[in-house]
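Read through the structure below, which is laid out as structure tokens, and then see the notes.
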Amino acid sequence: MVLRREAKKRREAATAFADGNRPERAERERAELAVVEGYLPSQAR
Numbered sequence: 001m002v003l004r005r006e007a008k009k010r011r012e013a014a015t016a017f018a019d020g021n022r023p024e025r026a027e028r029e030r031a032e033l034a035v036v037e038g039y040l041p042s043q044a045r
């Protein structure tokens, strides 16, 4: 499913930005992840 792929990309990007000392970008990715997760069924999160 497209939304699961997008959620995975956002999680990985947030981790990479956090590890790369880019907290503002990591937070942006987490915010986008929250929006995507809002459309996923609860068992797919």
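The sequence shown runs 1 to 45 under our numbering. Every residue gets a Cβ at the ideal spot worked out from N, C-alpha and C, and that includes glycine. On a predicted model such as this, the values are computed, not experimentally measured, just so you know.
Here residue 38 carries a helix assignment [DSSP, helix/strand/coil]. Here residue 25 carries a helix assignment [DSSP, helix/strand/coil]. An exposed status is given to residue 35, since fewer than 16 other beta-carbon atoms sit within 10 Å of its beta-carbon.
Remark: C-beta atoms of residue 37 and residue 13 do not approach each other more closely than 7 Å. Straight-line spacing of the CA atoms in residue 40 and residue 19 works out to 27 Å.
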